[in-house]
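Following: one structure in structure tokens, then a few remarks.
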Amino acid sequence: LGGNFRIDSNSGLTKIIHTQSPQSFTNYNASNCKITGTHNLPFGELGGDFNVSNNSGLTGLVHSASTNAFTSYKAHTCKLNSTLDLSMLTKLGGEFECYNNIGLSSITHSPTDEVFTKYWVHTCNLGGVYDVSMLNKLGGSFNVSTNPNLKNVTFPLSTETFANTSAGNDAI
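Taking the working numbering, the leading residue of the sequence shown gets 1, the next gets one more, and so forth.
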């Protein structure tokens, strides 16, 4: 399994069970389904465009380590909760959208030199100090608004340009 995997817009699909695959992914799209619980992604070569958005019962994502570059990572408007651990994705970048997950309290990243053009984690439950300092080329549109417990954001020393930032609650 690899390449362009699309199973999106299947309103009756509640679970996908994958086995490990050595193939490289350029697109993984399981958006607009009814996936519930934790979705396991045992792929060592996941990258490109990743989209599991609009799965209202999806509570967690478990990834395997991958060094492939991401052009987008979208898991918005789900029911992700607790911590989303993305530390094993070392080339995350592009458009990052994990907004509208009211139970999501933190996201763990590893250092990356990939360019971010969008980083939206608004309308979640981030709290305290949110650290994105390891995202060395963070820029573009940055939005962490509507996280009522967010107190501050630690940004990287980035050479990228920010089009806008939005944090609300005086967090920036």
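Glycine included, C-beta positions come from ideal geometry on N, C-alpha and C.
Within 8 Å, strictly: CB atoms of residue i and residue j
i: residue 92; j: residue 76; result: no
i: residue 107; j: residue 84; result: yes
i: residue 8; j: residue 27; result: no
i: residue 17; j: residue 30; result: no
i: residue 64; j: residue 43; result: yes
i: residue 159; j: residue 131; result: no
Close beta carbons around residue i, own chain, < 6 Å, minus the five adjacent residues each side
i: residue 164; result: 141
i: residue 36; result: 14, 57
i: residue 147; result: 124, 126
Burial state of residue i (16 or more Cβ within 10 Å)
i: residue 54; result: buried
i: residue 50; result: buried
i: residue 4; result: exposed
i: residue 112; result: buried
Cβ neighbours of residue i in the same chain (closer than 7 Å, five flanking residues each side left out)
i: residue 69; result: 47, 91, 93, 114
i: residue 59; result: 37, 38, 79, 80, 81
Strand pairing of residue i, partner residues [DSSP]
i: residue 160; result: Residue 160 is not bridged to any residue.
i: residue 153; result: 130
i: residue 114; result: Partner(s): none; residue 114 has no beta bridge.
Continuous beta strand (DSSP E) stretch holding residue i: start and end
i: residue 70; result: 70-74
i: residue 99; result: It is not in any beta strand (DSSP E) - residue 99 carries neither H nor E in the DSSP assignment.
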